[in-house]
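Numbering-wise, the sequence shown is residues 140 to 351 according to my numbering. No residue lacks a Cβ here, since even glycine has one placed at the ideal position from N, Cα and C. Just so you know, these numbers come straight off a predicted model, no measurement behind them.
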Amino acid sequence: MKNSDIKVGIVENDESFKDQILKTLESIPEIGGVFHWESAESFWEDEKGRSLDIIFLDIMLAEMNGVELAGKISARDPEISKIMLSNMNSDELIYESLKNGAIGYILKSELKDIADVVDTVLKGGAIITPTIAFRVLNSFKQKDYSGEFKLTPKEKQILDEMVKGKTIGRVAEFLKVSKYTVQHHVKNIYKKLNVHNRAELVRKASDIGLLP
């Protein structure tokens with residue numbers, strides 16, 4: 140950080156937490172102005188809020204919450220970097236915050252070095268504390284992508300038999316259809332899943348949740 144004209148704001152209604160953050164922000168020499176609002180509404184009506192570089196938003200505000208405010212700021216003043224402050228690590232709140240333009244989501248209990256947070260944001264980085272990072276990564280792992288690869292019931296049935304190691308001929312016998320019919324379905328399955336051989340097929344089907 141080099142620019143002493145940097146302006147940082149915080150919308151926070153927890154008095155003790157607010158005082159702690161303000162004291163730290165005011166001690167950072169690179170910051171030229173620190174502003175505070177106790178509600179989303181008071182921030183929104185104050186023109187000073189439009190000149191900020193960074194805004195810290197408490198999620199649990201009295202009326203309009205921080206997530207909603209983040210979305211409004213993104214629409215009106217998209218250049219302001221928005222960082223959420225919360226005591227809650229709800230997947231829904233994390234998702235909605237990021238969708239509304241936040242570049243950071245910090246659990247208050249894990250906020251260790253706000254100067255480092257400011258520095259990271261000004262350098263174009265994003266901030267997610269360890270617990271939140273774990274939840275975000277875990278949500279990606281648990282996501283079921285199977286609906287994005289729509290196989291017909293017959294294709295799914297053939298896929299299930301193929302991953303058991305059955306040959307085209309054995310699958311045809313099991314389903315009481317011709318080998319040519321099975322080959323036609325297999326060709327469609329490969330195309331839909333963008334794979335080229337059985338090994339790729341099994342791996343892809345497993346990764347996207349198509350296997351039982």
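Query                                                                                                          : Result
With 16 other Cβ atoms within 10 Å as the buried cut-off, status of Thr306                                     : exposed
Contacting residues, own chain, Cβ-Cβ under 7 angstroms from Thr291 (five flanking each side not counted)      : none
The stretch 309-323 contacting the stretch 255-274, beta-carbon criterion three pairs below 8 angstroms        : no
Through-space distance from Arg215 to Asp170, alpha-carbon basis                                               : The question names Asp, but residue 170 is Ile in the sequence shown. About 23 angstroms.
Start and end residues, alpha helix (DSSP H) containing Lys261                                                 : It is Leu, not Lys, that sits at residue 261 in the sequence shown. Its alpha helix (DSSP H) spans residues 253-261.
Collapsed DSSP secondary structure at His175 in the structure displayed                                        : strand
Bridge-paired residues (DSSP) for Val150                                                                       : Trp176, Leu196
Coarse secondary structure for Leu350, derived from DSSP in three states                                       : coil
Beta bridge counterpart(s) of Gly243 as assigned by DSSP                                                       : Ile222, Ile266
Check whether Asp192 and Val147 have beta carbons under 8 angstroms apart                                      : yes
Ile167, DSSP secondary structure in three states                                                               : coil
Selection from Val321, Leu298, Asn327, His324 that minimises the alpha carbon distance to Ser345               : Leu298
Asn226 and Lys247 closer than 8 angstroms at C-beta                                                            : yes
Extent of the continuous alpha helix (DSSP H) run through Asp299                                               : 292-301
Any non-hydrogen atom of the ligand NAD within 7 angstroms of Glu339 CB                                        : The ligand content of the structure shown is nil, which means the ligand NAD is not present either.
Integer-rounded CB distance, given that Gly240 should sit under 8 angstroms from Ile267                        : That pair is no contact at about 15 angstroms.
Collapsed DSSP secondary structure at Ala338 in the structure displayed                                        : helix
Member of Asp230, Asp252, Val334, Ser166 whose CA lies at the smallest distance from the CA of Thr270          : Asp230
Whole-number beta carbon distance between Glu294 and Ile117, since they are thought to touch under 8 angstroms : Given that the chain is displayed from residue 140 to residue 351, the structure contains no residue 117 and the question cannot be resolved.
Proximity to Ile253 [Cα-Cα], best of Phe288, Val150, Leu232, Phe195                                            : Phe195
Local Cβ density within 10 Å of His335, reported as buried at 16 or more and exposed below that                : exposed
For Val256, the nearest candidate out of Lys289, Phe288, Lys221 (CA to CA)                                     : Lys221
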